[in-house]
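In the UniProt record's numbering, the protein residues as written are 1 to 94.
Glycine included, every Cβ here is placed at the ideal spot set by N, Cα and C.
Just so we're clear, the structure is a prediction, and the values are computed from it rather than from any experiment.
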Amino acid sequence: MSYNSLTAHFLQVKQFFSDSVVPKLSLEAVKSPSLVQDCMAEAVRRIEGLVPLSADSITSQVGQACSRNLEPARTIPRLYRRTNREVSNSPYTH
């Protein structure tokens, strides 16, 4: 999911709140629906601020996981140098 699609989702949340929640607050005789609306807007702003941090963290974790899995492949040439064997050009039959 890209940052642009997340922004679109946040806009949908804001629109849903304005279209669905605020009218129901008025029906329930909430004394200050604007206060609830301001709180919702603040919550959305804070979540939007977390998106770049979350994306960086996820990218870092995926990169580290990939590096750990590729480590054995990186050591193959070193193993051949230590044993003075010729590097294989064909798949192993076992």
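Supposed close pair residue i, residue j - CB separation, criterion 8 Å
{"i": "Val-13", "j": "Val-36", "result": "14 Å between Cβ atoms; not a contact."}
{"i": "residue 97", "j": "Phe-17", "result": "This structure cannot settle anything about residue 97, because the visible part of the chain is limited to 1 through 94."}
DSSP state of residue i mapped onto helix, strand, coil
{"i": "Ser-67", "result": "helix"}
{"i": "Pro-52", "result": "helix"}
{"i": "Ser-32", "result": "coil"}
{"i": "Ser-18", "result": "helix"}
Span separating the alpha-carbon of residue i from that of residue j
{"i": "Arg-46", "j": "Ala-55", "result": "15 Å"}
{"i": "Gln-61", "j": "Lys-31", "result": "46 Å"}
{"i": "Pro-72", "j": "Tyr-80", "result": "13 Å"}
{"i": "Ser-57", "j": "Asp-19", "result": "34 Å"}
Beta-carbon proximity check, residue i vs residue j, cutoff 8 Å
{"i": "Val-51", "j": "Pro-33", "result": "no"}
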